[in-house]
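Engineer: My structure is below; once you've seen it, I'll send some questions.
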Amino acid sequence: MSAAIAYSTDFAIIFVAATVIGYVAHKFGQPTIVAYILTGVILGPVVLDVVVEEGLVEIMSHLGIGFLLFLLGIKMHFDEVKKIFRPIVKIAGSQIVLQQSLAFLVAYMLGFPFWQALVIGLCTIFGATPVIVKALTDKGEIRTLPGRINVGVLIGQDIYLVLALALLGIGTLASPVEIAFTVGKILLLVGVITVVTLAASRYVLPEVFKRVAAHKEVLFVFTIAWAFLFIYTSEIFDLSLEVGAFLAGLALAQLPYSRELEEQIEPLTDFFILIFFSTIGLRLVADELFYYWQEAVIASLILIVGNFLIMFYLIYKEKFSVKTSFLGSINMIQVSEFSLVVGALAVTQGFIEIEVLGYLSLMALMTMSASTYVLYNNDKIYQWAKPWLKRFESPDRRDEDVTEYRNHAVVLGYNHLSKKLIPVIKEHFDDLVVLDHDPKNIDLLKQSEFDFVYGDFRYGEVRRGLNLKNAAFVFSFLPDISSNTILMEEVSEDTTVFVECESEDALVALSKLGGNEPLFTKVISSLQLFDCVEGFLKDEDSLKEMTGQDWRILRGESSDGS
Numbered sequence: 170m171s172a173a174i175a176y177s178t179d180f181a182i183i184f185v186a187a188t189v190i191g192y193v194a195h196k197f198g199q200p201t202i203v204a205y206i207l208t209g210v211i212l213g214p215v216v217l218d219v220v221v222e223e224g225l226v227e228i229m230s231h232l233g234i235g236f237l238l239f240l241l242g243i244k245m246h247f248d249e250v251k252k253i254f255r256p257i258v259k260i261a262g263s264q265i266v267l268q269q270s271l272a273f274l275v276a277y278m279l280g281f282p283f284w285q286a287l288v289i290g291l292c293t294i295f296g297a298t299p300v301i302v303k304a305l306t307d308k309g310e311i312r313t314l315p316g317r318i319n320v321g322v323l324i325g326q327d328i329y330l331v332l333a334l335a336l337l338g339i340g341t342l343a344s345p346v347e348i349a350f351t352v353g354k355i356l357l358l359v360g361v362i363t364v365v366t367l368a369a370s371r372y373v374l375p376e377v378f379k380r381v382a383a384h385k386e387v388l389f390v391f392t393i394a395w396a397f398l399f400i401y402t403s404e405i406f407d408l409s410l411e412v413g414a415f416l417a418g419l420a421l422a423q424l425p426y427s428r429e430l431e432e433q434i435e436p437l438t439d440f441f442i443l444i445f446f447s448t449i450g451l452r453l454v455a456d457e458l459f460y461y462w463q464e465a466v467i468a469s470l471i472l473i474v475g476n477f478l479i480m481f482y483l484i485y486k487e488k489f490s491v492k493t494s495f496l497g498s499i500n501m502i503q504v505s506e507f508s509l510v511v512g513a514l515a516v517t518q519g520f521i522e523i524e525v526l527g528y529l530s531l532m533a534l535m536t537m538s539a540s541t542y543v544l545y546n547n548d549k550i551y552q553w554a555k556p557w558l559k560r561f562e563s564p565d566r567r568d569e570d571v572t573e574y575r576n577h578a579v580v581l582g583y584n585h586l587s588k589k590l591i592p593v594i595k596e597h598f599d600d601l602v603v604l605d606h607d608p609k610n611i612d613l614l615k616q617s618e619f620d621f622v623y624g625d626f627r628y629g630e631v632r633r634g635l636n637l638k639n640a641a642f643v644f645s646f647l648p649d650i651s652s653n654t655i656l657m658e659e660v661s662e663d664t665t666v667f668v669e670c671e672s673e674d675a676l677v678a679l680s681k682l683g684g685n686e687p688l689f690t691k692v693i694s695s696l697q698l699f700d701c702v703e704g705f706l707k708d709e710d711s712l713k714e715m716t717g718q719d720w721r722i723l724r725g726e727s728s729d730g731s
């Protein structure tokens with residue numbers, strides 16, 4: 170009982186301290202990731218030594234990285250990555266070889282013995298998945314082309330991580346047969362689980378989610394259970410928790426409910442991730458951490474520059490644009506926390522000394538902290554470097570199209586009225602996307618000739634899928650004033666907005682939120698509504714003149730505007 174209380178106390182101390190330090194960091198415009206790592210450093214052996222990484226804290230830490238990869242999987246739609254799958258495989262494979270070679274050479278030149286330098290190279294090839302994914306998600310860049318390239322490379326690294334852990338776990342690198350058998354077994358297991366995942370996402374999950382989607386609590390619980398099922402399966406087969414969690418999310422990503430699931434999972438992920446980043450600082454011990462501090466500083470500077478140049482060369486070589494090559498490279502300049510995982514196992518197996526683990530830890534801490542600032546300011550850095558990058562531009566550079574709606578039409582709600590209006594709207598816009606939150610409409614929407622997003626409009630992740638800021642035309646059948654309030658706040662001043670309102674007062678209130686005026690109320694009959702929309706699409710100016718007169722009446726103004 171006392172141990173349980175101690176673990177709970179440690180957890181409470183971390184949470185409270187991280188909240189305070191995170192708030193201070195936010196007030197000064199600093200990334201929360203750095204604040205969470207600093208929390209662990211302060212509470213751990215380096216400073217106060219009041220919390221240890223064990224028990225509840227350790228479990229929460231593992232769940233943090235697991236749920237982060239699960240959330241990452243949910244964001245990965247096959248249709249959005251298939252165009253860049255082949256170049257990503259080439260980039261990931263080459264990056265592993267080149268970055269490992271660079272880390273080995275740097276360590277060897279700094280005086281580490283050959284075999285220790287080899288293990289150091291093995292430990293330092295990984296990008297910091299939690300840092301990169303968290304920062305890009307916060308900035309809304311995880312679905313951009315550079316973001317997708319980064320994620321593809323990180324997944325390749327995670328598979329390599331499983332192989333590295335398995336090889337080090339053998340205890341000796343002297344048996345080629347045993348090494349080949351271990352590698353083959355891991356690849357086979359990953360392949361089998363991947364096939365099962367894809368089969369489930371196509372034949373099992375759609376029917377299950379159709380039955381539970383209308384009940385948010387049941388949907389949330391089922392989603393969590395699905396994640397734990399894959400995590401448990403991965404543990405049974407001695408695979409990485411991260412790989413299992415990612416594959417679980419990947420299966421859900423192919424469902425129309427994925428954006429709503431993202432919104433529900435994200436707060437839980439943020440909660441666990443706080444603990445995860447704190448435990449990075451808790452692992453550090455002062456004597457071990459600073460034993461090779463000079464070598465760690467030199468190596469960090471070289472690897473930050475070297476990792477950037479390697480990634481830039483590899484992405485640029487695949488004919489991506491200079492901007493994509495630059496952003497995809499500068500996002501991955503850090504040494505990962507996974508280097509500590511691999512390094513700890515290498516220490517246990519006797520491949521390296523404990524002080525070398527301190528060298529790896531200090532490099533990870535410095536590069537992750539520095540890269541956090543770089544990630545949150547990558548666009549500013551690109552604009553600064555743009556004049557020097559012009560020499561790399563050429564006509565054969567091309568970026569695969571990552572779907573992003575622009576100058577499109579959006580219809581919120583799929584009912585008997587919107588079904589009649591959609592064909593009319595579609596005639597005037599190249600892109601039309603419909604949002605609905607009724608599971609019963611999923612099959613109809615799948616068979617339609619327009620794109621659709623399933624989810625609650627009040628969820629930010631769902632709205633991001635609609636790209637309202639760049640929409641030319643929005644028609645809202647959402648009856649609640651709160652949803653339409655959000656709509657009016659997010660659309661641009663140039664967007665034409667039709668909304669359904671229960672009263673004229675509600676319509677007037679909405680008009681005060683944006684730079685434009687909604688164009689109809691519920692008092693219009695369905696036939697009038699149809700004629701109104703069709704008239705607008707054919708002659709926008711005449712309809713706006715007519716509605717302008719209506720607005721003056723609603724506001725109690727005279728016909729001359731006085």
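Counting the sequence shown from 1 gives a position; the working numbering is that position plus 169. Note that the Cβ used here is the ideal one computed from N, Cα and C, for glycine as well. Since this is a predicted model, take the numbers as computed values, not measurements.
(1) Strictly by DSSP, which residues pair up with F642?
(2) Any idea which residues DSSP pairs V302 with across the strands?
(3) Please check the pair V631 and E386, which I expect to be a contact at CB under 8 Å, by giving their CB distance rounded to whole angstroms.
(4) Along the chain, where does the alpha helix (DSSP H) that runs through V602 open and close?
(5) Within the continuous beta strand (DSSP E) that includes Y623, where are the two ends?
(6) Return yes when the Cβ of V504 is within less than 9 Å of the Cβ of T536, no when it is not.
(7) Just to confirm, are I355 and L408 a CB contact at a threshold of 9 Å?
(8) According to the neighbour-count rule (16 or more other Cβ atoms, all chains shown, within 10 Å of its Cβ), is F640 buried or exposed?
(9) Given S230, which residues of its chain have a CB within under 6 Å of its CB, disregarding the five upstream and five downstream residues?
(10) Could you tell me which of I467, V258, I265, I289 sits nearest to G296, measuring between CA atoms?
(11) On a CA-only basis, which of P214, V215, T306 is nearest L237? Give me that one, please.
(12) Hey, L472 and V275: beta-carbon distance below 9 Å or not?
(13) Does V390 come out as helix, strand or coil in the three-state DSSP assignment?
(14) Can you name, in chain order, every residue of its own chain whose Cβ lies under 8 Å from the Cβ of I523, other than the five neighbours on each side?
(15) Under the three-state reduction of DSSP, which class applies to M532: helix, strand or coil?
(16) Using CA atoms only, rank isn't needed, just tell me which of A533, F489, N546, E310 is closest to F561.
(17) Can you tell me which of S427, V365, T366, A333 puts its alpha carbon nearest to the alpha carbon of T351?
(18) On the three-state DSSP scale, how would you describe F295?
(19) Measuring CB to CB, does A465 end up less than 9 Å from L531?
(20) Out of curiosity, what's the CA-to-CA distance linking S540 and F667?
(21) Do L544 and A204 count as a contact pair if the criterion is CB distance below 9 Å?
(22) Exposed or buried, what is I660 when buried is set at 16 or more other beta-carbons lying within 10 Å of its beta-carbon?
(23) Run the CB neighbour count on T188, radius 10 Å, all protein chains shown included, and call it buried at 16 or more, exposed below.
(24) Using 10 angstroms around the beta-carbon of E404, count the other beta-carbons present and answer buried if the total reaches 16, otherwise exposed.
(25) Would DSSP call V220 helix, strand or coil?
(26) Using three-state DSSP, classify F446 as helix, strand or coil.
(27) For the alpha helix (DSSP H) holding E658, just list the boundary residues, first then last.
(28) Going by beta carbon distance, what residues of the same chain come within less than 6 Å of A261, once the five residues before and after it are set aside?
(29) How far does the alpha helix (DSSP H) with F415 in it extend, from its first residue to its last?
(30) Going by the CB atoms, is the gap between G624 and R428 shorter than 9 Å?
(31) CB I521 to CB V221, shorter than 9 Å?
(32) Answer with buried or exposed for K549, where buried requires no fewer than 16 other C-beta atoms within 10 angstroms of its C-beta.
(33) Nearest CA to the CA of D663: which residue from L637, F646, S652?
(34) What do you reckon, are the CB atoms on A422 and K244 nearer than 9 Å?
(35) What span of residues does the alpha helix (DSSP H) with F598 cover, start to end?
Structural biologist: Quick answer:
(1) A578, T665
(2) In DSSP, V302 forms no bridge with anything.
(3) With a Cβ gap of about 18 Å, V631 and E386 do not count as contacting.
(4) Premise fails: V602 lies in the beta strand (DSSP E), 601–605, not in any alpha helix (DSSP H).
(5) 620–623
(6) yes
(7) A distance below 9 Å separates the beta carbons of I355 and L408.
(8) Looking at the sequence itself, residue 640 is Ala, so the reference to Phe does not match. A640 is buried by the Cβ-count criterion.
(9) I444, F445, T448
(10) Checking every option, the nearest Cα to that of G296 belongs to I265.
(11) T306
(12) yes
(13) helix
(14) E457, V516
(15) helix
(16) F489
(17) It is A333.
(18) coil
(19) yes
(20) 44 Å
(21) no
(22) Position check: residue 660 holds Val in this sequence, whereas Ile was assumed. Per the 10 Å Cβ criterion, buried.
(23) exposed
(24) Exposed is the call here.
(25) coil
(26) helix
(27) 650–659
(28) For A261, where only same-chain residues beyond five positions count, the Cβ hits under 6 Å are V322, G325.
(29) Here the alpha helix (DSSP H) through F415 covers 410–422.
(30) yes
(31) no
(32) exposed
(33) The residue with the shortest Cα to Cα distance from D663 is L637.
(34) yes
(35) Counting along the chain, F598 falls outside any alpha helix (DSSP H), and DSSP gives it neither H nor E.
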